[in-house]
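S.K.: Below is one structure. I have some questions about it.
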Amino acid sequence: MLLSVAFTNRCLLGIDMGFGRLWQLTRNEYGRTIYEALAKLGVKVSLMYVYARSVDDVSDSAVRDGDKSLTFETRRGSDIDRSDEAFEELDATDIAVLARSGETIVGQVFLSVSRPVYADPVEMDVGTEAAYIWRLHVDQEHRQRGIGTTLVDRACQAAATEDTASSVTALVALDNVPSRRLFETNGFEPRSLITYGRFFGVSYRSQRAVSDSSNRNHWISNVYK
1 MLLSVAFTNR CLLGIDMGFG RLWQLTRNEY GRTIYEALAK LGVKVSLMYV YARSVDDVSD
61 SAVRDGDKSL TFETRRGSDI DRSDEAFEEL DATDIAVLAR SGETIVGQVF LSVSRPVYAD
121 PVEMDVGTEA AYIWRLHVDQ EHRQRGIGTT LVDRACQAAA TEDTASSVTA LVALDNVPSR
181 RLFETNGFEP RSLITYGRFF GVSYRSQRAV SDSSNRNHWI SNVYK
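With full-length UniProt numbering as the guide, the letters of the sequence shown map in order to residues 1 to 225.
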């Protein structure tokens, strides 16, 4: 099992080291279908960057010219109809940033502060030590307009108003190059890499720092189950 995790780790790290647009082979409908089918069979491998930034000096973002019809709103979970499937995972204390085109929601992101949020790709709770950004989504037909960048920035602004939040974190898949660029545009940096593998009931999880790119063997922790 560990050999399988190591092999997958090496393959995906190739993406991280600049092998063209290989991410396009995995971040699509077919790649997702294969991933979900394997997960149902008990086989799962995930490599997720932990991105982080300070809430100090957050700046206002603006959507690109020509998007005057778009509006953004920040709402507490307690003020949202959480019976809607899109918001059923929200806690009353969470914050949702919504992008609207007219009356239609075309993008959203959630922010939780100092509460555990279950991250399915690595099958663990995260977000207990900082503000945590999750469930970033922009409708396909509205992408490439700066909406995602603005949503994340507004979430950072919301985090800055929370007394218990000094930093904001997010999990981003190693092969999700567009999302990584989006977070880096918003001042986030990759702090660690979580490697998770599950093969028919046996799982492996490790986390290593990535602040020193030359030290690829510095492991923070290893957890076997």
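Even for Gly, the Cβ is constructed at its ideal location relative to N, Cα and C. Remember, it's a predicted structure, so these values are computed and weren't measured experimentally.
(1) Where does the unbroken beta strand (DSSP E) through R135 begin, and where does it stop?
(2) Looking at the structure shown, is F110 part of a helix, part of a strand, or coil, going by DSSP?
(3) Please report the straight-line C-alpha distance between D84 and E73, rounded to a whole angstrom.
(4) Could you give the DSSP three-state label for V58: helix, strand or coil?
(5) Relative to the C-alpha of H142, which residue among T104, A158 and A92 is closest?
(6) Looking only at C-alpha atoms, which of V172, A165 and V109 sits nearest to R75?
(7) Which whole-angstrom value is the C-beta distance of S166 and S54, which I expect to be below 8 Å?
(8) Could you give the residue range of the alpha helix (DSSP H) that holds R154?
(9) With DSSP collapsed to three states, give me the class of D79.
(10) With a Cβ-Cβ cutoff of 8 Å, do Y51 and P190 count as a contact?
(11) Using a Cβ-Cβ distance under 8 Å, would Y118 count as near chain D?
(12) Can you tell which of R154, S69, T185 and N176 has its C-alpha closest to the C-alpha of S101?
(13) Measuring alpha carbon to alpha carbon, tell me which of P116, L98 and G107 ends up nearest D91.
(14) Out of A130, G77, R208 and K44, state which residue places its alpha-carbon closest to the alpha-carbon of D163.
(15) Can you tell me where the alpha helix (DSSP H) holding P178 begins and where it ends?
(16) Going by Cα to Cα distance, which pick from R208, V202 and V152 is closest to V45?
M.R.: With the structure as the only source:
(1) A131 to V138
(2) strand
(3) 18 Å
(4) coil
(5) T104
(6) V109
(7) 7 Å
(8) I147 to A160
(9) helix
(10) yes
(11) Judged by its chain identifiers, the structure shown contains no chain D, having just a single protein chain.
(12) S69
(13) P116
(14) A130
(15) V177 to T185
(16) V202
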